[in-house]
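Inspection log for the structure reproduced underneath, given as structure tokens.
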Ligand SMILES: Nc1nc2c(c(=O)[nH]1)N[C@H]1C(S)=C(S)[C@@H](COP(=O)(O)O)O[C@H]1N2
Ligand SMILES: [Mo]
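Residue numbers (the working numbering): 4 to 506.
Following this line, the structure appears as structure tokens:
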């Protein structure tokens with residue numbers, strides 16, 4: 004029996020084929036089926052399937068780089084399986100090619116589970132699998148015949164290297180962005196939002212202007228981003244519409260032009276994520292331009308037994324919002340503008356929801372396309388089946404922003420931060436140094452009960468180590484609890500504490 008090719012050559016044949024297949028699959032997706040990238044399809048299917056503990060672990064380990072980490076992981080698994088496919092092909096042809104082709108089937112299965120699939124959804128994964136299978140077959144055979152004829156492996160190395168380079172180049176090309184994306188980006192850049200009939204006012208004295216303290220209005224580029232979208236949807240507003248249906252007297256549909264023709268108002272609302280840990284940064288405050296959802300719901304006429312609105316996004320996310328929070332007099336809006344510009348793509352362009360007083364996962368649907376008036380006992384939202392509470396009112400919280408370094412000069416130091424409980428309002432903040440008595444901080448002017456408020460307090464610190472703790476008091480007379488709770492299932496609690504050394 005002739006000698007088999009080396010294990011290393013077989014592994015590399017598999018990996019080079021996988022790079023070629025995956026790269027070409029991504030490129031075909033970018034060109035003809037932008038929502039059907041095999042990588043993004045598998046990644047977002049994994050996000051949807053992942054148990055809550057895995058998501059928490061990913062966020063803990065990688066923070067907001069969790070999506071990049073996921074793609075790197077998929078790439079590593081792909082290369083690993085491809086190397087094994089090479090080994091199998093070396094011993095039991097054609098089963099190595101079959102394994103490589105099966106990877107394409109995994110991609111097909113994943114993209115078909117996505118919301119709003121492309122017409123050509125299966126094409127990129129089919130090409131990826133086909134190229135991978137053919138590559139394994141051809142490259143292993145090439146090396147075998149070189150070996151049988153006693154030739155050097157130069158031909159094999161050239162062919163496999165070319166496959167890998169072509170694949171990598173195709174992947175880079177695909178990541179430059181699709182023509183559709185660029186067209187939609189140009190459309191967004193050209194939008195001039197109508198002036199607000201009612202403008203937002205930020206009272207003088209809302210901004211304490213302390214170095215290191217979160218500004219009272221969060222610039223868009225600094226605004227936290229949390230969503231399940233591996234690829235940010237880029238929706239052409241001309242293709243966008245919102246349908247309001249379900250338990251209503253009449254269905255209402257709204258197009259982008261109709262949306263912009265409504266009397267839009269500005270409002271300032273702080274958005275917070277239920278996953279925010281005590282002291283964390285998954286919270287931001289923006290001036291939103293939008294239209295009250297209660298007017299649209301009044302037009303639709305919710306039936307008496309309805310108690311929930313299930314909002315759905317273009318990419319298949321959903322949130323269940325208590326109907327009364329969308330019909331009472333709070334500023335629950337469909338937003339089109341954020342801090343003076345059209346919504347950034349990552350924050351929901353062209354239209355999202357913003358509801359004061361509720362965590363984002365039950366209210367702040369980005370890329371929103373559908374509002375179904377329904378009942379909590381009849382409909383489930385995306386996170387409700389994944390370990391999070393059905394209802395998500397924001398809990399009273401406060402955070403120390405300054406000092407955050409571990410060293411401070413001894414003597415007088417300013418402690419400053421933010422406090423919030425949207426739609427309830429903050430009445431005061433207290434600070435304790437080294438577990439001593441609670442001292443009342445100075446509150447900045449609040450923009451409204453729907454926004455966070457800055458606070459500050461000068462304290463005297465003797466040289467040595469100190470702990471600084473803060474707690475908020477709500478306008479309903481509640482004192483922020485010191486009981487600690489993790490983010491799941493309905494928001495973290497506990498006091499934020501910062502340790503510093505005064506020198
Ligand atoms: N379409 C969609 N909308 C979404 C989400 C999502 O995953 N998909 N996440 C929600 C969550 S959990 C939060 S906290 C807010 C965050 O909004 P931001 O990214 O603009 O800060 O968006 C909400 N809207
Ligand atoms: Mo969130």
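Note that the Cβ used here is the ideal one computed from N, Cα and C, for glycine as well.
Assigned exposure category for residue 320 - 16 Cβ within 10 Å defines buried:
Looking at its Cβ environment, which holds 16 or more other Cβ atoms inside 10 Å, residue 320 is buried.
C-alpha gap between residue 141 and residue 186, whole angstroms
Roughly 40 Å separates the two Cα atoms.
Give the secondary structure of residue 2 by DSSP, where H, G and I count as helix, E and B as strand, and everything else as coil.
Residue 2 lies beyond the residue range present for the chain, which begins at 4 and ends at 506; the question has no answer from this structure.
Within the same chain, show all residues whose beta-carbon is closer than 7 Å to that of residue 27, passing over the 5 residues directly before and after it, in chain order.
When the five nearest sequence neighbours on each side are left out, the beta carbons in the same chain lying within less than 7 Å of the beta carbon of residue 27 are those of 130, 131, 134, 170 and 173, in order along the chain.
Beta strand (DSSP E) containing residue 422: first to last residue?
Taken as a continuous stretch (DSSP letters only), the beta strand (DSSP E) holding residue 422 covers 414 to 423.
Bridge partners for residue 434 per DSSP, in chain order?
DSSP output for residue 434 lists 442 and 473 as bridge partner(s).
Taking the continuous beta strand (DSSP E) assigned at residue 286, which residues delimit it?
286 to 295 is the span of the beta strand (DSSP E), which, as asked, contains residue 286.
When 439, 432 and 493 are compared against residue 483, the one with the closest alpha-carbon:
The residue from 439, 432 and 493 with its alpha-carbon nearest to that of residue 483 is 432.
My output table needs one value for residue 323: the three-state DSSP class, helix, strand or coil.
Correct three-state label for residue 323: strand.
Helix, strand or coil for residue 340, going by three-state DSSP, please let me know.
Note: residue 340 maps to strand in three-state DSSP.
Looking at the strands, I want to know which residues DSSP matches up with residue 270.
According to DSSP, residue 270 shares a beta bridge with 291.
With a threshold of 8 Å, are at least 3 pairs of Cβ atoms found where one atom belongs to the region 466 to 485 and the other to the region 252 to 259?
Using a Cβ-Cβ distance cut-off of 8 Å, the region 466 to 485 and the region 252 to 259 are not in contact, since fewer than three pairs of beta carbons, one from each stretch, lie closer than that value.
Short Cβ contact (8 Å threshold) for residue 237 with residue 247
By the CB criterion at 8 Å, residue 237 and residue 247 fall outside the cutoff.
Would you say the beta carbon of residue 392 comes nearer than 7 Å to a heavy atom of ligand 2?
False, no ligand heavy atom lies under 7 Å from that Cβ.
Run through DSSP, which three-state label would residue 243 get?
DSSP places residue 243 outside both helix and strand once states are collapsed to three, so it counts as coil.
Neighbour-count burial assignment, residue 148, 16 or more Cβ in a 10 Å radius
By the neighbour-count rule (16 or more Cβ atoms within 10 Å), residue 148 is not buried but exposed.
Is it buried or exposed for residue 4, if we count other Cβ within 10 angstroms and need 16 for buried?
Interpretation of residue 4 is limited by its pLDDT of 44, a score under 50 that renders its predicted location unreliable; the figure taken from the coordinates is listed afterwards. Burial call: exposed.
Look up residue 489 in the DSSP assignment and say whether it is helix, strand or coil.
Residue 489: coil per DSSP, three-state reduction.
Cβ-based burial, residue 70 [other Cβ within 10 Å; buried from 16]
Residue 70 should be labelled buried.
Within 10 Å of its beta-carbon, does residue 270 have 16 or more other beta-carbons around it, so buried, or fewer, so exposed?
Buried.
Among 308, 243 and 292, nearest to residue 266 - alpha-carbon criterion:
Minimum Cα-Cα distance from residue 266 among the listed residues 308, 243 and 292 corresponds to 292.
For the structure I just gave you, are there three or more beta carbon pairs, one from the region 392 to 400 and one from the region 330 to 342, closer than 8 Å?
Contact between the region 392 to 400 and the region 330 to 342 is absent, because fewer than three Cβ pairs lie under 8 Å.
Considering only heavy atoms of ligand 1, does any lie closer than 7 Å to the CB of residue 318?
Within the cutoff, so yes.
Helix, strand or coil for residue 4, going by three-state DSSP, please let me know.
Confidence in residue 4 is poor, its pLDDT being 44 and thus under 50, which makes the residue's placement too unreliable to answer from.
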